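Step one of this worksheet: look at the structure below.
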Amino acid sequence: MAKEHVKAALLEARAALDALIAADETQEAIVRASDLMVDTISRGGKILSCGNGGSLCDAMHFAEEMTGRFRSDRPGYAAIAISDPSHMSCVGNDYGYQAVFARYVQAVGQAGDVLLAITTSGTSANVLDAVAAAHEKGMKVVGLTGKADSPLAQKADVAIVTPAGRWADRVQELHIKTIHILIELIERKLAPENYKK
1 MAKEHVKAAL
11 LEARAALDAL
21 IAADETQEAI
31 VRASDLMVDT
41 ISRGGKILSC
51 GNGGSLCDAM
61 HFAEEMTGRF
71 RSDRPGYAAI
81 AISDPSHMSC
91 VGNDYGYQAV
101 FARYVQAVGQ
111 AGDVLLAITT
121 SGTSANVLDA
131 VAAAHEKGMK
141 VVGLTGKADS
151 PLAQKADVAI
161 VTPAGRWADR
171 VQELHIKTIH
181 ILIELIERKL
191 APENYKK
C-alpha cells in the first residue's frame with residue numbers, strides 16, 4: 001500500500017515536470033530573469049531573495065549558491081536572502097510579520113538591484129509588500145510562483161509561473177529546479193569557461 005503512494009507521488013512529480021518542459025512561456029521567463037540578474041551583477045548590483053517557509057529555504061538556497069559555488073569555481077556573486085533571525089524577530093515584534101521583507105528591502109535595496117520574490121500561491125502579503133518596496137527603490141522584481149493569475153505574477157517585472165497543479169509541494173519542487181537553472185544560466189554568461197569542458 002505505502003509503495004503505491006510512493007509511485008503515485010513520483011508520477012505526479014513527473015507530470016509536473018512534463019508540464020514545465022511543455023511551458024514555453026515559463027522557459028522564456030526563466031531566460032529573461034537570468035538576463036536581468038546577469039545585468040545587475042555585471043553592474044555591481046545585488047539580488048535580494050525572500051519567501052516564507054519552504055520558499056524561504058529556496059530563497060536561502062539561491063543566495064548561498066550565488067555567493068558560494070554551484071558547479072565549479074568562479075567568483076562569488078552578490079546575493080542576500082532576507083533570513084536574518086534577529087532582523088525577522090525585531091521587525092516582526094515592532095512592525096508585525098508582514099513588514100519583515102519590505103523593511104529589509106527599504107534598508108538594503110538600491111536602484112538597479114533585483115528582488116527574487118518567492119511565493120507558491122502568489123498571495124503572501126509580506127512578499128507582496130517587499131515587491132512594492134523594491135519598486136519604490138527602483139529595483140526590478142523576479143516573481144517565482146505557481147499561480148498565473150496571482151498578485152505576484154501581475155506585479156513582478158518578470159513572472160516565472162511553474163505549472164505544477166494545486167499542491168504547494170509540487171510547485172516548490174519545480175521552483176528549486178527553476179532556481180538551479182537560473183544559477184546555471186547566470187554562470188554560463190559570467191563564467192563561460194566553466195561550461196567549455
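Everything in the sequence shown is counted per full-length UniProt numbering, starting at 1 for the first residue and increasing by one. Note that CB positions come from ideal geometry on N, CA and C, so glycine has one too. Small disclaimer: the values here were computed from a predicted structure and weren't measured.
In the three-state scheme derived from DSSP, where H, G and I count as helix and E and B as strand, Ala156 is classed as coil. Shown here for Gly165: same chain residues with a beta carbon closer than 7 Å to its own, the five before and five after excluded, namely Ala16 in chain order. Its chain contains Val161 as the residues whose beta carbon lies nearer than 7 Å to that of Ala148, once the 5 sequence neighbours on both sides are disregarded; these appear in chain order. Annotation: Ser150 is outside any beta strand (DSSP E) and is labelled neither H nor E by DSSP.
For a cut-off of 8 Å, the C-beta gap from Gly143 to Ala130 is around 11 Å, too long to register as a contact. When the Cα atoms are used, Asp84 and Met1 turn out to be separated by approximately 42 Å. Between the beta-carbon of Arg170 and that of Ala13 there is about 6 Å, and that keeps the pair under the 8 Å contact cut.
Take the alpha-carbon of Ser42 and the one of Leu116: they are about 17 Å apart.
Membership of Ala78 in any beta strand (DSSP E) is not indicated, and neither H nor E is assigned to it by DSSP.
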